[in-house]
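Undergrad: When the letters of the sequence shown are read in order and numbered with mature numbering (1 follows the signal peptide of the UniProt record, and there is no 0), they come out as residues -16 to -1, 1 to 242.
C-beta: ideal position from N, C-alpha, C; glycine also.
One structure coming up, written as structure tokens, with questions to follow.
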Amino acid sequence: MKLIIVLAFVLGICSGSPHSRIICGQNAKKNSAPYMASVQLLDKVEGVEKLFHFCGGAIVNDRWILTAAHCLRGKDHLLDKLFIAVGLTNLGEGGTVYPVEKGIMHEEYEHYDIVNDIALIKVKSPIEFNEKVTTVKLGEDYVGGDVQLRLTGWGVTTNEGIGSPSQKLQVMTAKSLTYEDCKNAIYKKTFESQICAQAKKGTGSCKGDSGGPLVQGNNTLVGLVSWGMQPCGSGYYPDVYTRITSFLDWINTTMSEN
């Protein structure tokens, strides 16, 4: 079966509420984020099977991908249509696609508060590693304020969070906030299991970046894109990410038991 990768979105929590999700980012250099994964849904368009990118992810090992729980919400019946694409800089150009065996959302994920927004996806066959595909290192040190971080993703590049995603992988930098500064910056409830990161005005994550990796240094994963305030990249509010250090036990236990 030949699969065609098409750029589109199939989920989000936009429209005036916190958006799911890079606005005004830069094109990522080839193979600069080899741990990056695209979570995709197989569907038919005019009788042709096509893959639609809808969320990002991070490669943990040869069978497991980390992403946001809200990316899998309501998709229990679609597991046979979910795929993971790796080794991509541009969507639809090269890379390898792996069918999904199972998806596991955090059992205490709450959609209203968008807390515990983390999930693991297991692929059916081992991912093959090379210069384009490697694992990410799970961060073990708590990230406080004023730390330089980097985000990559194929999300929408308009502030309104509508339209087509970026065909080219985008990259942006942001600085972390302390938990207290985060609470003061956003009127919506935040939790200590989250990281807030503020980019320069006009730059930020957006719809389709959800579940994507927020890294420190070259490949240390500290967060996953969870939510942010509309419009994307306004510069008035930081974006909110799931804090990896808060879920290390859950990640390791879930992988070992499944």
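Exposed or buried, glycine 201, counting other C-beta atoms within 10 Å across all chains shown (16 or more means buried)?
TA: In the sequence shown, the residue the question calls residue 201 occupies position 217. Per the 10 Å Cβ criterion, exposed.
Undergrad: Would you call the stretch 88 to 99 and the stretch 40 to 59 in contact, with 3 or more CB pairs under 8 Å?
TA: Yes: at least three Cβ pairs fall under 8 Å.
Undergrad: Starting from glutamate 241 and walking both ways along the alpha helix (DSSP H), at which residues does that stretch end?
TA: Here the question's residue 241 lines up with position 257 in the sequence shown. Where glutamate 241 is concerned, the enclosing alpha helix (DSSP H) stretches over 232 to 241.
Undergrad: Is asparagine 114 helix, strand or coil when you go by DSSP?
TA: Residue 114 sits at position 130 when you count from the first residue of the sequence shown. Reduced to three states, the DSSP call for asparagine 114 is strand.
Undergrad: Exposed or buried, what is valine 224 when buried is set at 16 or more other beta-carbons lying within 10 Å of its beta-carbon?
TA: For the purposes of this step, residue 224 is taken as residue 240 along the sequence shown, with counting starting at 1. Valine 224 is buried by the Cβ-count criterion.
Undergrad: First and last residue of the alpha helix (DSSP H) that includes aspartate 165?
TA: On the sequence shown, residue 165 is found 181 positions in, with the first residue counted as 1. Here the alpha helix (DSSP H) through aspartate 165 covers 163 to 169.
Undergrad: What three-state label does DSSP hand arginine 47 in the structure shown?
TA: Counted from its first residue, the sequence shown places residue 47 at position 63. Note: arginine 47 maps to coil in three-state DSSP.
Undergrad: Considering only residues of the same chain and omitting the five flanking positions on each side of cysteine 166, which have a CB-CB separation below 6 Å?
TA: Start at 1 with the first residue of the sequence shown, and residue 166 comes out as number 182. Contacts found: Thr174, Cys180.
Undergrad: How many angstroms separate the CA atom of glutamine 151 from the CA atom of glycine 207?
TA: Your numbering for residue 151 matches position 167 in the sequence shown. Your numbering for residue 207 matches position 223 in the sequence shown. Cα-Cα distance, rounded: 23 Å.
Undergrad: May I ask you to verify whether the stretch 84 to 92 touches the stretch 111 to 124, counting CB pairs closer than 8 Å and requiring at least 3?
TA: Because the criterion of three Cβ pairs below 8 Å is not met, the stretch 84 to 92 and the stretch 111 to 124 do not touch.
Undergrad: Check each candidate in Ala103, Phe231, Phe67 and name the one with the smallest Cα separation from leucine 35.
TA: Mapped onto the sequence shown, residue 35 falls at position 51. Closest by alpha carbon: Phe67.
Undergrad: Consult DSSP for lysine 65 and reduce its assignment to one of helix, strand or coil.
TA: Here residue 65 refers to the residue found at position 81 of the sequence shown. It is helical.
Undergrad: Any idea what DSSP makes of isoleucine 102, helix, strand or coil?
TA: If you number the sequence shown from 1, residue 102 lands on position 118. Coil, per DSSP.
Undergrad: Could you check where the alpha helix (DSSP H) with alanine 53 kicks off and where it finishes?
TA: Here residue 53 is taken as the residue at index 69 of the sequence shown, counted from 1. It spans 53 to 56 - the alpha helix (DSSP H) in which alanine 53 sits, taken as one unbroken run.
Undergrad: Can you say whether valine 120 is buried or exposed, counting buried as having 16 or more other CB atoms within 10 angstroms of its CB?
TA: As a first step, residue 120 must be located in the sequence shown, where it is residue number 136. The residue in question, valine 120, is buried, as its Cβ has 16 or more Cβ neighbours within 10 Å.
Undergrad: Is the distance from the Cβ of serine 160 to the Cβ of valine 131 below 7 Å?
TA: Here residue 160 refers to the residue found at position 176 when the sequence shown is read from its first residue. Here residue 131 refers to the residue found at position 147 when the sequence shown is read from its first residue. Yes.
Undergrad: Going along the chain, which residues of its own chain have a beta-carbon closer than 8 Å to the beta-carbon of asparagine 236, five neighbours each way excluded?
TA: To locate residue 236, count along the sequence shown from 1; it is residue 252. Cβ within range, chain order: n/a, list empty.
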